[in-house]
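To convert, take the position in the sequence shown, counting from 1, and add 14; that gives our numbering.
Heads up, the thing below is written out as structure tokens.
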Amino acid sequence: EWWSEYSTTPNRLTRRRSVVRLLIVAIGKLKRGPERELFSHYLGRAEALGRSLGLSPISSAELPESRLSEASERRAAEAKALLTKLPDDFAVVCLDPQGDERSSAAFSDSLAAWRNDSAVPGLAFVLGGPDGLGQAVVDRATLLLSLGAMTLPHGLARIVLAEQLYRAMTIIAGHPYHRA
């Protein structure tokens, strides 16, 4: 039917791509226990909902922190490692304290726009190590995104990102989870 290639979202009808893959790449390992469980919980919920929205699969990769002595050297080494995980044709969103702050609704609109852009087969979210992101990764970014002005531990930032991905998908789907 004619409507099969369209997705209804609150107050609008949008043309939908078949699939946009999502990738979260982070420096550092989540500890076993509540951090990892909460990240997996939100990622699982996002994955389940994302299948019906053309936003799946969702995968994640953890890379070890550099052990070099200088912060600038660590950032450069970690940037090199991160870049090896980023597919060339993916749009890249770097989480950075200096990035744009967006409301959940605005983030949802951005996610829907990327999904609807036929030139974007995937979207990678990149989280740097304790010293931040190296310039090579920042230069590759489509968007620098901030989760807010407060400093968050990297594990918690990853959890917040997973929850916001899920929240954005519920907004796109018109699900009542987001009550702003």
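The C-beta atom is built at its ideal place from N, Cα and C for all residues, glycine as well.
Everything numeric in this text was worked out from a predicted model, so none of it was measured.
Cα-Cα separation between Pro-144 and Ser-73, rounded to whole angstroms: 22 Å
Exposure label - Asp-153; buried when at least 16 CB within 10 Å: exposed
Where Ala-120 falls: helix, strand or coil (DSSP): helix
Check whether Phe-121 and Ala-182 have beta carbons under 8 Å apart: yes
Same chain, Cβ closer than 8 Å to Lys-114, neighbours up to 5 away in sequence not counted: It is Asp, not Lys, that sits at residue 114 in the sequence shown. Around Asp-114: Leu-157, Leu-158, Leu-159 and Ser-160.
C-beta atoms of Gly-169 and Ala-93 nearer than 8 Å: no
Environment of Ser-61 [buried if 16+ CB atoms lie within 10 Å]: Residue 61 is actually Glu in this sequence, not Ser. It counts as buried.
Whether Ala-75 touches Val-106 by CB criterion (8 Å): no
Cross-strand partners of Ile-41 (DSSP beta bridge): Leu-77
Asp-131 burial status per 10 Å Cβ neighbour count (16 or more: buried): exposed
For Glu-115, the first and last residue of its enclosing beta strand (DSSP E): 105-115
Neighbour-count burial assignment, His-189, 16 or more Cβ in a 10 Å radius: exposed
Limits of the alpha helix (DSSP H) - the one that Gly-58 falls within: 48-67
Exposure of Ser-80, with buried meaning 16 or more beta-carbon neighbours within 10 Å: buried
Beta bridge counterpart(s) of Val-140 as assigned by DSSP: Val-39 and Cys-108
Cβ-Cβ distance between Val-151 and Val-34 below 8 Å: no
Straight-line gap, Arg-46 to Ala-40 (C-alpha atoms, nearest Å): 16 Å
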